[in-house]
Amino acid sequence: MARLGDRIAEGLVFLAGGAAVLFVALILIFLLREGLPLVRYYSPIPFLTGAEWYPLSGVFGILPLVLGSLLVTAGAVAIALPLGLAVAIYLAEVAPAWIKDVLKPTIELLAGIPSVLLGFVGYAVVATVVKNVFGLPTGLTALTGSIMLAYMALPTIISIADDAIRAVPDDFRHASYALGATRWQTIRAVTVPAAASGILAAIMLGIGRAIGETMTVWMVTGNAAVIPTTILQPVRTMTATIAAEMGETARGSDHYAALFAVGIVLFVMTALINTGADLVLHRMKKKYE
Amino acid sequence: MSSRTTEKAAFLIMALCALLVVLPVIGIVAYVVAKGAPAISWEFVSAMPKRGMKAGGIFPAIWGTTLLVVGTAVFSVPLGIGAAVYLSEYAPDNRLTKIIRMAIVNLAGIPSVVYGLFGLGLFVVFLGFGTSLLAGSLTLAVLVLPVIITTAEEAIRAVPQDYRYASLALGATKWQTVRYQVLPHGLPGTLTGVVLALGRAAGETAPILFTAAAFFLPRLPTSPFDQVMALPYHLFVIATQVPKMPESLQYGTALVLLALVVIAYAAATAIRMRLRRR
Amino acid sequence: MDQRIEVRIVGVSLYYGKFLALRHIDLDVPANQITAIIGPSGSGKSSLLRTINRMNEVIPGSRLEGQVLVSGQSIYAQNVDVVEVRRKVGMVFQRPNPFPQSIYDNVAYGPRIHGIKEKRALDDIVERSLRRSALWDEAKDKLRKSALALSGGQQQRVCIARALAVDPQVLLMDEPASALDPIATLKIEDLMRELRQAYTVVVVTHNMQQAARVSDWTAVLMPALDRAGELIEFDKTAKIFTNPSDKRTEDYITGRLG
Chain E
5 MARLGDRIAE
15 GLVFLAGGAA
25 VLFVALILIF
35 LLREGLPLVR
45 YYSPIPFLTG
55 AEWYPLSGVF
65 GILPLVLGSL
75 LVTAGAVAIA
85 LPLGLAVAIY
95 LAEVAPAWIK
105 DVLKPTIELL
115 AGIPSVLLGF
125 VGYAVVATVV
135 KNVFGLPTGL
145 TALTGSIMLA
155 YMALPTIISI
165 ADDAIRAVPD
175 DFRHASYALG
185 ATRWQTIRAV
195 TVPAAASGIL
205 AAIMLGIGRA
215 IGETMTVWMV
225 TGNAAVIPTT
235 ILQPVRTMTA
245 TIAAEMGETA
255 RGSDHYAALF
265 AVGIVLFVMT
275 ALINTGADLV
285 LHRMKKKYE
Chain F
52 MSSRTTEKAA
62 FLIMALCALL
72 VVLPVIGIVA
82 YVVAKGAPAI
92 SWEFVSAMPK
102 RGMKAGGIFP
112 AIWGTTLLVV
122 GTAVFSVPLG
132 IGAAVYLSEY
142 APDNRLTKII
152 RMAIVNLAGI
162 PSVVYGLFGL
172 GLFVVFLGFG
182 TSLLAGSLTL
192 AVLVLPVIIT
202 TAEEAIRAVP
212 QDYRYASLAL
222 GATKWQTVRY
232 QVLPHGLPGT
242 LTGVVLALGR
252 AAGETAPILF
262 TAAAFFLPRL
272 PTSPFDQVMA
282 LPYHLFVIAT
292 QVPKMPESLQ
302 YGTALVLLAL
312 VVIAYAAATA
322 IRMRLRRR
Chain U
743 MDQRIEVRIV
753 GVSLYYGKFL
763 ALRHIDLDVP
773 ANQITAIIGP
783 SGSGKSSLLR
793 TINRMNEVIP
803 GSRLEGQVLV
813 SGQSIYAQNV
823 DVVEVRRKVG
833 MVFQRPNPFP
843 QSIYDNVAYG
853 PRIHGIKEKR
863 ALDDIVERSL
873 RRSALWDEAK
883 DKLRKSALAL
893 SGGQQQRVCI
903 ARALAVDPQV
913 LLMDEPASAL
923 DPIATLKIED
933 LMRELRQAYT
943 VVVVTHNMQQ
953 AARVSDWTAV
963 LMPALDRAGE
973 LIEFDKTAKI
983 FTNPSDKRTE
993 DYITGRLG
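Chains as they are written, first to last, in my numbering: chain E, 5 to 293; chain F, 52 to 329; chain U, 743 to 1000.
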């Protein structure tokens, strides 16, 4: 009798184990199910390469949205990468214990702040600062989005790069010190190069985080669906487009399908980035085992 | 410059970078607290909105978020812990397990708005739940699942192997060992992950945009198939969608949302601290 | 020999993946005696011990050839439940490993998972087991206190009580005193001599004085050139330590090997 209970419990545990696979499959299936019908209205080539997004006129070129996402993300990485890397090295190699005790919880808190709250602060405060500093007609620009996204990607970048640097065996450092190198020389010449693949993974995951972020960019980037020429103008990202327009579409319409198709593009981009980062991380782990 | 001077300069720059990360976080928290605190009153957190949400309280939004979090927990916690137990105690080292791990990594990286689309396609439309508490909870449950699995697995793996061996050597079955030794001793760590995951669910907006959230509701929800107001979406609405919104109401709502997250975070930290002391 | 044989190991070879850890071991363990397994590290002492309660199976990739009989029953036969085997053959580990629970819950764990729920019955088992492991007097006033608050030697005696609480026929001890101080070690050894009256005890030890002090029989394992453990001698402990028949045993016990 007790054994039957065991079997049932274990059966449920096995099922739960497969849940993640099931959900990834379901997500893909339902994106395709709702998004693929777009081909009835609009063909894939102009969808992917078209420079105009006029959903109400049935024109669905996602190039401006993709470029908007890439521009905001690139700006975010340009800010978050040096900052995140510096902080990760500082945490792993330099900072005294009491600073770590302040830094780590703060970074964890940053990771936990809801994106809508950061969007709100960006909208109310950062946008005004950007507007005044650059003398712009509006502060809701790609740059504002990049600044906010940089801070949202920082926890990911810092924690993974920190782990990667810590994983470098002490032997390397000691060998360098024994040759008379300073700590900084050792960091630059030995530790960081040895952790390069982990740092690469950190950057990739940071990009994945930034490109998929929705609420904040929706609230602070101004949402003009045109191909951006500078970082100081409003842009519209893929995520913000889905979020903003889905509420206004009729189910089964061309617009509805087009937004799901944008979701497919997003899904594919983030899946490639995350799988790539995971492979890099695995290779790194193997190296030091 | 001597190498010593270079080192000092480099370390100084790094410390400044750290400051550049910490100060804005403290700044945001302090700013929201300072501007939001005057709006906080018993009425604010317990009353219905009035005059097109420009006065009164935000109770329906707080209540809606509470219901969503409870719903999320109901679906995600058993599933997540089950998956964690499978991966830590049962999963053989084979291709299927690799696929599962790959799926978890991917699930964690899917943008939240794509979860929203998925929830719309599966729960709202295909299963016919409509825009509802149920559809929103299910969508959020899938979203937090990888977080729960990952943290719970880590906690369960950290249970010393000795306990498993001792239990097996006494003639306990594998499941008895899991049930009476592994799970109880992995519980505090698992709980930390669960609390953090639910804190995240409470703050998410994009996944509930098309699956659960209502702009405004005159009544509280009475069934799982009702739409709900939710705190993060409410903040979005009153911050960007309603003109001439009193600032105090916006910051007050932001503060309540922040407090919710900080409480979850503090609870998780407290559990972790207790765990470490043992 | 008119000795009843409790555990009979017949032609046992043990593999971990491709690695052969034990080669064709034959060993008859007499009932109600203490049998010590000695040998240099890497000779497979613990592996051999674990074949007697199938704990070798918790290591992925382990595979056993041959037979092990406990009270005349083959424990590796198709229809035998591993859970039943481990109930009959208790085990005490090298490092004291009480669960992070109360002393009472530790000792009651086995009976509980085997279905005993009644408090009176559990109380009796806990008291009897703690008495047998010579811990009752020290522990009776703090049964609800965490077992981890005890000293190392006391923790090990909790683990012994825990093993006794399921009423095994055989008690396996894997270097039970190696993590303890000399005084606690002597206590455990006294206890082993007591236990011999009710149980068949098999103990792995790397401490030859200990084997000589407590055991009635001694089995000597030695790694062959391919590192597989082989049984080179098994006899009365007195004989092994005074007049070993194998040259390698003599070298080992006089300290020239291992």
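A virtual CB, placed ideally from N, CA and C, is assigned to each residue, including glycine.
Whole angstroms are fine: how far does the CA of residue j sit from the CA of residue i?
{"i": "M324(F)", "j": "G88(E)", "result": "27 Å"}
{"i": "M915(U)", "j": "A961(U)", "result": "14 Å"}
{"i": "P129(F)", "j": "V849(U)", "result": "30 Å"}
{"i": "F110(F)", "j": "F126(F)", "result": "25 Å"}
{"i": "A319(F)", "j": "L249(F)", "result": "11 Å"}
{"i": "M5(E)", "j": "V229(F)", "result": "Interpretation of M5(E) is limited by its pLDDT of 43, a score under 50 that renders its predicted location unreliable; the figure taken from the coordinates is listed afterwards. Approximately 18 Å, taken between the alpha carbons."}
{"i": "S218(F)", "j": "T224(F)", "result": "8 Å"}
{"i": "S97(F)", "j": "S150(E)", "result": "37 Å"}
{"i": "L928(U)", "j": "R955(U)", "result": "10 Å"}
{"i": "L326(F)", "j": "A209(F)", "result": "12 Å"}
{"i": "D175(E)", "j": "R969(U)", "result": "31 Å"}
{"i": "L308(F)", "j": "W226(F)", "result": "41 Å"}
{"i": "M950(U)", "j": "N798(U)", "result": "25 Å"}
{"i": "K978(U)", "j": "L906(U)", "result": "26 Å"}
When the cut-off is 7 Å and only beta carbons count, does residue i lie next to chain F?
{"i": "Y46(E)", "result": "no"}
{"i": "W188(E)", "result": "yes"}
{"i": "M833(U)", "result": "yes"}
{"i": "T195(E)", "result": "no"}
{"i": "T225(E)", "result": "no"}
{"i": "F264(E)", "result": "yes"}
{"i": "N985(U)", "result": "no"}
{"i": "G894(U)", "result": "no"}
{"i": "F18(E)", "result": "yes"}
{"i": "G852(U)", "result": "yes"}
Could you name the residues of chain F that residue i contacts, counting a contact when the two beta carbons are closer than 9 Å?
{"i": "Y758(U)", "result": "Within chain F, no residue comes near Y758(U); the closest Cβ sits about 15 Å away, beyond 9 Å."}
Is residue i close to the ligand NAD? I mean its beta-carbon at under 6 Å from any heavy atom of the ligand.
{"i": "T142(E)", "result": "You won't find the ligand NAD in this model; it holds no ligand whatsoever."}
What in chain U is Cβ-close to residue i, meaning under 7 Å?
{"i": "H236(F)", "result": "P842"}
{"i": "T148(F)", "result": "In chain order: nothing, as chain U lies at least about 13 Å away."}
List, in order along the chain, the chain U residues whose C-beta lies closer than 8 Å to that of residue i?
{"i": "L219(F)", "result": "M797, V800, R828"}
Residues of chain F with CB under 7 Å from residue i, in chain order?
{"i": "N821(U)", "result": "Per Cβ cutoff of 7 Å: no residues; N821(U) is ~17 Å from chain F at best."}
{"i": "R219(E)", "result": "This sequence places Met at residue 219(E); Arg is not what is there. The answer, in chain order, is T256, A257, F287."}
Under 7 Å between C-beta atoms, does residue i make it to chain E?
{"i": "L130(F)", "result": "yes"}
{"i": "Y316(F)", "result": "yes"}
{"i": "M324(F)", "result": "no"}
{"i": "E94(F)", "result": "no"}
{"i": "F62(F)", "result": "yes"}
{"i": "Y231(F)", "result": "no"}
{"i": "A290(F)", "result": "yes"}
Residue i versus chain U: which residues are under 9 Å apart at the beta carbon?
{"i": "Q301(F)", "result": "Near Q301(F) there are no residues of chain U at all, since even the closest Cβ is about 49 Å away, more than 9 Å."}
Determine the chain E residues that contact residue i at a beta-carbon separation under 7 Å, and present them in chain order.
{"i": "R55(F)", "result": "T186"}
Residue i touches chain F at which residues, Cβ-Cβ below 8 Å?
{"i": "V825(U)", "result": "G222, A223, T224"}
{"i": "D10(E)", "result": "T224, K225, W226, Q227"}
Taking Cβ-Cβ distances shorter than 8 Å, what residues in chain B pair up with residue i?
{"i": "D282(E)", "result": "The chain inventory of the structure shown lacks chain B, comprising the protein chains E, F and U."}
Name the chain E residues whose beta carbon is nearer than 8 Å to that of residue i?
{"i": "P75(F)", "result": "Y155"}
Any residues in the stretch 156-185 of chain F with a beta carbon nearer than 8 Å to a beta carbon of chain E? Which ones, in chain order? The residues in question are V156, N157, L158, A159, G160, I161, P162, S163, V164, V165, Y166, G167, L168, F169, L171, G172, L173, V176, F177.
Pair every Cβ in the stretch 64-73 of chain E with every Cβ in the stretch 265-281 of chain E, then say whether three or more of these pairs are closer than 8 Å. Contact annotation: the stretch 64-73 of chain E touches the stretch 265-281 of chain E, with at least three C-beta pairs closer than 8 Å.
Using 8 Å as the cut-off, can you tell me whether the stretch 160-176 of chain E makes contact with the stretch 90-97 of chain E, which would need three or more C-beta pairs spanning the two stretches below that distance? Yes, the stretch 160-176 of chain E touches the stretch 90-97 of chain E.
Across the stretch 190-206 of chain F and the stretch 241-251 of chain F, are there enough close Cβ pairs to call them in contact, namely three or more that are closer than 8 Å? Inter-segment contact for the stretch 190-206 of chain F and the stretch 241-251 of chain F is present: three or more beta-carbon pairs are separated by less than 8 Å.
Please name the residues in the stretch 237-262 of chain E whose beta-carbon is closer than 8 Å to at least one beta-carbon of chain F, in chain order. Listed by position, the residues of the stretch 237-262 of chain E near chain F (Cβ gap below 8 Å) are T243, I246, A247, M250, G251, R255.
Any 3 or more C-beta pairs closer than 8 Å across the stretch 221-241 of chain F and the stretch 860-874 of chain U: They do not touch, by the three-pair rule.
Please identify, using Cβ separations under 7 Å, the residues of the stretch 60-93 of chain E that lie next to chain F, in order along the chain. Listed by position along the chain: L87, A90, V91, I93.
Can you give me, in chain order, the residues of the stretch 262-283 of chain F that have a beta carbon less than 8 Å from any beta carbon in chain E? Going along the stretch 262-283 of chain F in chain order, one finds P283 with a Cβ nearer than 8 Å to chain E.
What residues in the stretch 110-136 of chain E bring their beta carbon closer than 8 Å to a beta carbon of chain F? For the stretch 110-136 of chain E, the set of residues with a beta-carbon nearer than 8 Å to any beta-carbon of chain F comprises T110, I111, E112, L113, L114, G116, I117, P118, S119, V120, L121, L122, G123, F124, V125, Y127, A128, V129, in chain order.
Output needed in chain order: residues of the stretch 23-51 of chain E with a Cβ under 7 Å from some Cβ in chain F. Cβ contacts with chain F come from A23, A24, V25, F27, V28, L30, I31, F34, L35, R37, E38.
Note down, in chain order, all residues in the stretch 856-884 of chain U with a beta-carbon under 9 Å from any beta-carbon belonging to chain F. Using a CB distance below 9 Å, the part of the stretch 856-884 of chain U facing chain F consists of H856, ordered along the chain.
Please identify, using Cβ separations under 8 Å, the residues of the stretch 195-228 of chain F that lie next to chain U, in order along the chain. So the list reads P211, D213, Y214, R215, Y216, A217, S218, L219, A220, L221, G222, A223, T224, Q227, given in the order they occur along the chain.
Taking contact to mean at least 3 C-beta pairs separated by less than 8 Å, is the stretch 82-102 of chain F in contact with the stretch 296-309 of chain F? By the Cβ criterion, the stretch 82-102 of chain F is in contact with the stretch 296-309 of chain F, since at least three pairs of Cβ atoms, one from each stretch, lie closer than 8 Å.
For the stretch 905-922 of chain U, list every residue whose C-beta sits within 9 Å of some C-beta in chain F, in sequence order. Listed in sequence order: A905, A907, V908, P910, L914.
Check each residue of the stretch 157-171 of chain E: if its Cβ is closer than 7 Å to any Cβ of chain F, include it; give the result in chain order. Residues of the stretch 157-171 of chain E with a C-beta less than 7 Å from any C-beta of chain F: L158, listed in chain order.
What residues from the stretch 79-113 of chain F come within 8 Å of chain E, judged by C-beta to C-beta, listed N to C? Answer set for the stretch 79-113 of chain F: I79, V80, Y82, V83.
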